[in-house]
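Down below is the structure, laid out as structure tokens.
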Amino acid sequence: MRNLEMQVDTLMRLCAAETPAQKERLRRELLVLLNQSRVNRLDPEYLTRQILLDIGAPDHLLGHPFVVEAVVLCVNDGCYINNITFGLYPQVAAKFDTTASRVERGIRHLIEVTWTRADMDILCGYFGNTVSPDRGKPTNGEFIARIANVVRQRMREAA
24 MRNLEMQVDT
34 LMRLCAAETP
44 AQKERLRREL
54 LVLLNQSRVN
64 RLDPEYLTRQ
74 ILLDIGAPDH
84 LLGHPFVVEA
94 VVLCVNDGCY
104 INNITFGLYP
114 QVAAKFDTTA
124 SRVERGIRHL
134 IEVTWTRADM
144 DILCGYFGNT
154 VSPDRGKPTN
164 GEFIARIANV
174 VRQRMREAA
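Under my numbering, think of the first position of the sequence shown as 24, with each following residue one higher.
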């Protein structure tokens, strides 16, 4: 059951509770569920995974965890976005015990597959006019930077 459904279910049980002890227990349960929901809205990894899911990025591809880690690093430290080749890729590669060139290629492949399979209206909603019409798809850096900006914006809105 999703968090929102659990919140509604708990709220309905709270309204139907008969004893003060039941009401107090359900009130505490509801507060825990509400707090979990708030924590998820502030977690950059969770938000990144949600965005990738929204745009239709296949999560079985090798580049998926690389993109998630790259975006989280960029959200936490904006310096990475200006140093992708020699800063970001090696950092992601170290975490996954691979090479920077494999990270770069995995991310590029994820973008290619996403752009060929995804709904263009959804992609346009996220990327708008930030993608060059000549190339048709964003570079790795543009893709990571745009998702990182959306994650930062959502975190500010949720705070």
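Glycine included, each C-beta is placed from N, C-alpha and C at the ideal position.
If you follow the alpha helix (DSSP H) that residue i is in, where does it begin and where does it stop?
i, result
"asparagine 172", "163–181"
"cysteine 9", "Given that the chain is displayed from residue 24 to residue 182, the structure contains no residue 9 and the question cannot be resolved."
"lysine 118", "112–119"
"leucine 70", "67–78"
"leucine 84", "That residue, leucine 84, is in no alpha helix (DSSP H); it is neither H nor E in DSSP."
"threonine 137", "123–140"
"aspartate 144", "143–150"
Roughly how many angstroms lie between the CA atoms of residue i and residue j, to the nearest whole one?
i, j, result
"cysteine 147", "threonine 137", "13 Å"
"glutamate 11", "arginine 179", "Nothing can be reported for residue 11: it is not among the residues displayed for the chain, which extend from 24 to 182."
"glutamate 165", "glutamine 114", "18 Å"
"glutamine 45", "leucine 54", "14 Å"
"methionine 143", "glycine 159", "11 Å"
"isoleucine 145", "isoleucine 78", "6 Å"
"valine 174", "glutamate 68", "9 Å"
"tyrosine 112", "arginine 48", "48 Å"
Since I believe residue j is in contact with residue i (beta carbons under 8 Å), could you give me their beta-carbon distance rounded to a whole number of angstroms?
i, j, result
"valine 98", "alanine 181", "So it is not a contact: roughly 13 Å between Cβ atoms."
"valine 95", "threonine 121", "About 17 Å separates the two Cβ atoms, so there is no contact after all."
For residue i, collect the residues of the same chain with a Cβ closer than 7 Å to its Cβ; drop the 5 residues on either side in sequence, then sort them by chain order.
i, result
"lysine 118", "Glu92"
"leucine 85", "Gly129"
"leucine 133", "Ala80, Leu84, Gly86, His87, Val90"
Less than 8 Å between C-beta atoms, sequence neighbours within five positions excluded: which residues of the same chain meet that for residue i?
i, result
"leucine 76", "Asp82"
Residues in the same chain with beta-carbon distance under 6 Å from residue i, minus the five sequence neighbours each way, listed in chain order, please.
i, result
"valine 154", "Pro161"
Between the stretch 40–48 and the stretch 98–110, do three or more beta carbon pairs fall short of 8 Å? No, the stretch 40–48 does not touch the stretch 98–110.
Below 8 Å, how does it come out for the stretch 78–89 and the stretch 122–137: are there three or more Cβ pairs, yes or no? The stretch 122–137 and the stretch 78–89 touch, with three or more beta-carbon pairs separated by less than 8 Å.
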